[in-house]
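Visitor:
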Amino acid sequence: MKDVRVRFAPSPTGALHIGGVRTALYNYLLARQTGGTMILRIEDTDQTRYVPGAEEYIVRSLAWVGITIDEGVGVGGPHAPYRQSERKEIYAKYAKQLIDNGHAYYAFDTEDELEQMRERLKAAGVDQQQYNSITRMQMRNSLTLSEQEVKTLMEAGTPYVIRLKVPRKEEVRLNDLIRGWVMVHSSQIDDKVLMKSDGMPTYHLANVVDDYLMKITHVIRGEEWLPSAPLHVLLYKFLDWEEVMPQFAHLPLLLKPSGDGKLSKRDADQMGFPIFPLDWNDPTTNEKAVGYRESGYLPDALVNFLAFLGWNPGTTQEIFSMDELIKAFSIERIGKAGARFDIQKAQWFNQQYLKSKSNEELAIYLIDILNAAGVDCSQEKAIKISSIMKDRITFPKDMWEQAKFLFFTPTTFDQSVADKKWNADAVTVISAYRDSLSKLAHFDANIAKETLETVTASVGIGAGKILQALRLSITGAGAGPDLMMVMEIIGQQEVVKRLDFALQTLKVKVA
RNA sequence: GGUCCGUUCGUCUAGGGGUUAGGACACCAGAUUUUCAUUCUGGUAACACGGGUUCGAUUCCCGUACGGACUACCA
115 MKDVRVRFAP SPTGALHIGG VRTALYNYLL ARQTGGTMIL RIEDTDQTRY VPGAEEYIVR
175 SLAWVGITID EGVGVGGPHA PYRQSERKEI YAKYAKQLID NGHAYYAFDT EDELEQMRER
235 LKAAGVDQQQ YNSITRMQMR NSLTLSEQEV KTLMEAGTPY VIRLKVPRKE EVRLNDLIRG
295 WVMVHSSQID DKVLMKSDGM PTYHLANVVD DYLMKITHVI RGEEWLPSAP LHVLLYKFLD
355 WEEVMPQFAH LPLLLKPSGD GKLSKRDADQ MGFPIFPLDW NDPTTNEKAV GYRESGYLPD
415 ALVNFLAFLG WNPGTTQEIF SMDELIKAFS IERIGKAGAR FDIQKAQWFN QQYLKSKSNE
475 ELAIYLIDIL NAAGVDCSQE KAIKISSIMK DRITFPKDMW EQAKFLFFTP TTFDQSVADK
535 KWNADAVTVI SAYRDSLSKL AHFDANIAKE TLETVTASVG IGAGKILQAL RLSITGAGAG
595 PDLMMVMEII GQQEVVKRLD FALQTLKVKV A
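FYI, the numbering for the first sequence is 115 to 625, going by my numbering.
#1: Which runs of the beta strand (DSSP E) fall wholly inside the segment 280-353 and span at least 3 residues, in chain order?
#2: Can the beta-carbon of residue 260 be found closer than 7 Å to that of residue 220?
#3: What residue from 173, 161 and 159 has the CA that sits closest to residue 134's CA?
#4: What's the call for residue 74, buried or exposed, on a 16-neighbour Cβ count within 10 Å?
#5: Do you know how far the Cα of residue 604 is from the Cα of residue 411?
#6: Buried or exposed for residue 447, going by 16 or more other Cβ atoms inside 10 Å?
#7: Spell out the partners DSSP gives residue 364 in its beta bridges.
#8: Ignoring anything shorter than 4 residues or poking outside the segment 166-192, list the alpha helix (DSSP H) runs there in chain order.
#9: Is residue 566 helix, strand or coil when you go by DSSP?
#10: Which residues does DSSP pair with residue 425 in a beta bridge?
#11: Buried or exposed for residue 562, please, with buried defined as at least 16 other CB atoms from any protein chain shown within 10 angstroms of its CB.
#12: So, does the segment 149-166 touch the segment 320-328, judging by three or more C-beta pairs under 8 Å?
#13: State the Cα-Cα distance for the pair residue 408 and residue 530, rounded to the nearest angstrom.
#14: Is it right to say residue 125 is buried, meaning 16 or more other beta carbons lie within 10 angstroms of its own, or is it exposed?
#15: Starting from residue 153, trace the beta strand (DSSP E) both ways and give me its first and last residue.
#16: Assuming contact is defined by CB atoms lying nearer than 7 Å, are residue 132 and residue 457 in contact in what I supplied?
#17: Using a Cβ-Cβ cutoff of less than 8 Å, which residues in the same chain neighbour residue 191 once the five nearest sequence positions on both sides are dropped?
#18: Tell me, which residues are paired with residue 221 by DSSP?
#19: Kindly confirm or deny that the segment 297-313 and the segment 329-340 touch, where touching means at least three C-beta pairs closer than 8 Å.
#20: If you drop the 5 nearest sequence neighbours on each side, which residues of the same chain put their C-beta closer than 7 Å to that of residue 275?
#21: Residue 474 to residue 483, Cα distance in whole Å?
#22: May I ask which residues mark the beginning and end of the beta strand (DSSP E) holding residue 120?
#23: With C-beta atoms as the reference, is residue 118 less than 7 Å away from residue 141?
#24: Taking residue 243 as part of the alpha helix (DSSP H), name the residues at either end of that continuous run.
#25: By Cβ distance below 6 Å, which residues in the same chain neighbour residue 367 in space, the five residues on each side in sequence not counted?
#26: Which residue spans inside the segment 527-601 form an unbroken beta strand (DSSP E) run of at least 3?
#27: Determine the direct distance from the alpha carbon of residue 493 to that of residue 506, and round the result to whole angstroms.
#28: At what residues does the alpha helix (DSSP H) containing residue 473 begin and finish?
#29: In whole angstroms, what is the alpha-carbon distance linking residue 469 and residue 417?
#30: Kindly indicate which residue of 130, 449, 210 and 206 has the alpha-carbon position closest to the one of residue 176.
#31: Looking at residue 490 and the ligand COA, is the gap between the Cβ and the nearest heavy atom below 6 Å?
#32: Count the other C-beta atoms from every protein chain shown that fall within 10 angstroms of the C-beta of residue 556, then say buried if there are 16 or more, exposed otherwise.
#33: Under 8 Å by Cβ, that's how I've got residue 283 and residue 217 pegged, so tell me the actual separation to the nearest angstrom.
#34: Kindly indicate which three-state DSSP category residue 194 falls into: helix, strand or coil?
#35: Hey, out of 362, 523, 267 and 270, whose CA is closest to residue 287's CA?
#36: Rounded to the nearest angstrom, how far is the Cβ of residue 415 from that of residue 467, given a contact under 8 Å?
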């Protein structure tokens with residue numbers, strides 16, 4: 115195989131969608147596996163949809179998930195510029211070439227005229243209302259107008275577009291890497307606009323020209339492009355680039371959790387999960403969206419999850435680092451059917467990745483979170499907290515949110531637990547335990563435990579019977595991480611203080 | 001409507017002419033845990049339908065149904 119060159123080519127119309135991240139990932143995996151080149155190209159040919167900050171957002175998002183770019187916007191390269199708006203003249207040149215070769219033509223039809231044509235066809239019961247080999251002969255273009263008329267119109271500054279002259283009868287074939295041969299009859303393809311009246315190319319022309327000039331070998335993109343792929347094949351042919359045409363791989367779509375339709379921001383909002391990799395403030399609507407990063411997803415976990423949405427290695431291994439993905443990836447093993455987006459699976463991956471981290475690593479996350487919450491914490495203490503919370507969390511922030519009692523003395527107690535477990539025995543043991551603890555010269559989890567055993571033995575009440583009451587008095591809740599470690603983290607004095615408080619507050623019909 | 005693509009447990013999927021149709025998530029149950037969580041064990045659960053081809057189809061072929069994408073001077 116020639117040197118693989120792939121590209122990710124988003125348009126900067128907003129934040130990068132999670133589906134786009136997956137597309138970028140598959141491109142990246144193929145590039146890295148083959149020692150090829152990963153290119154980032156920005157498809158900003160629609161000036162009306164340009165959103166400030168979107169391009170930068172895309173670059174930052176890719177960097178966050180660990181997709182590095184070899185060539186393109188932000189890094190440069192031999193085929194610069196990589197922003198299509200800066201390549202206007204290039205497309206114009208090839209459009210002109212197509213016209214000279216009789217494969218394209220100028221069209222002067224106004225929006226109203228196009229609308230009228232569609233209405234007319236619809237009224238006549240024609241299946242497809244398109245600008246094609248038949249209808250173009252009834253429109254105002256350089257095929258129906260005389261050379262002189264065309265010249266006059268253009269000199270008068272009449273707006274015009276350039277359209278592809280799609281042949282009337284031709285079988286267009288394309289061998290998709292994922293779907294096999296796809297055949298479409300040219301009569302089904304309309305005379306797509308190649309150059310818009312503002313002098314910018316449309317996606318179709320720009321993408322073919324750039325892929326050719328940038329020597330792209332594999333076009334890996336979403337399935338929504340499949341219907342227009344035959345058009346692109348036609349373009350390669352008319353430009354005489356057929357032999358170097360890239361291979362196509364149209365990825366199955368990421369579907370809503372309900373399964374009906376492409377995953378959209380709306381669905382994500384409704385179901386309460388992120389759709390963008392990073393936080394995004396839309397400058398046009400002023401809407402704020404929370405990203406995967408800010409929600410507490412680890413980039414490795416997100417990547418692992420995304421990679422498995424539409425692809426699998428054929429083994430039972432589920433956890434893959436980026437390097438392992440690079441080794442295992444293959445286009446052949448990409449599925450054909452759309453994959454529903456299941457956020458629960460993403461959470462499971464996140465949990466797995468979190469669990470595989472060392473306490474020291476987790477402590478770093480925790481300290482960040484605590485700082486943001488304005489809470490002080492030593493590294494030593496953060497490491498201990500990480501160790502007891504590690505197996506109970508899905509997101510780093512859980513270490514804080516589920517363990518606030520480590521920092522604040524509880525002021526209330528879970529009533530249902532109190533009702534069930536706070537009884538005379540509990541009061542007896544806890545009172546005695548409080549007294550023993552207060553006299554200790556040294557204190558840690560082990561000592562706390564030994565002391566409890568001694569106390570329960572001496573009063574003849576099983577530790578199991580009162581442990582939940584003890585937990586309640588220390589944490590305010592009936593469930594939580596290892597209680598002895600909790601006591602060690604809180605410290606002797608604080609524990610005694612809390613026991614006093616609980617004994618006073620929960621005082622029960624002890625007698 | 002037209003064109004194209006698709007269809008294995010609820011979800012992601014493996015598999016493939018003869019299998020107890022495998023795994024993972026989720027769910028349920030049991031064990032461990034002083035609790036919850038983790039972990040372990042077990043369980044419920046799938047080849048859309050109809051024809052063909054075949055000794056035999058979930059697997060191959062053809063239809064049907066259903067779903068999706070596309071159908072702009074948007075990408």
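Ideal placement from N, C-alpha and C gives every residue a C-beta, glycine not left out.
Fair warning: this is a prediction, and the values are worked out from it, not measured in the lab.
Guide: Answer, in terms of the structure:
#1: Fully enclosed beta strand (DSSP E) runs of 3 or longer: 285-290, 294-299, 307-309 and 332-336.
#2: no
#3: 173
#4: Lying before the first or after the last residue shown, residue 74 is absent from the chain, which here runs from 115 to 625.
#5: 29 Å
#6: exposed
#7: 335
#8: Listed in chain order, the complete alpha helix (DSSP H) runs (minimum 4 residues) inside the segment 166-192 are 168-179.
#9: helix
#10: 448
#11: So residue 562 counts as buried.
#12: yes
#13: 34 Å
#14: buried
#15: 151-154
#16: It is not a contact, given that the beta carbons lie outside the stated cut-off.
#17: 153, 184 and 185
#18: Residue 221 pairs with 255 and 275.
#19: no
#20: The answer, listed in chain order, is 221, 307, 309, 310 and 311.
#21: 15 Å
#22: Segment 119-122, the beta strand (DSSP E) holding residue 120.
#23: Not in contact: residue 118 and residue 141 (Cβ atoms no closer than 7 Å).
#24: Annotation for residue 243: no alpha helix (DSSP H) segment contains it, and DSSP assigns it neither H nor E.
#25: 337, 376 and 452
#26: none
#27: 20 Å
#28: 473-486
#29: 17 Å
#30: 130
#31: As presented, the structure is devoid of all ligands, the ligand COA included, so that no description of it is given.
#32: exposed
#33: With a contact defined as Cβ atoms closer than 8 Å, residue 283 and residue 217 miss out at about 16 Å.
#34: coil
#35: 362
#36: 4 Å
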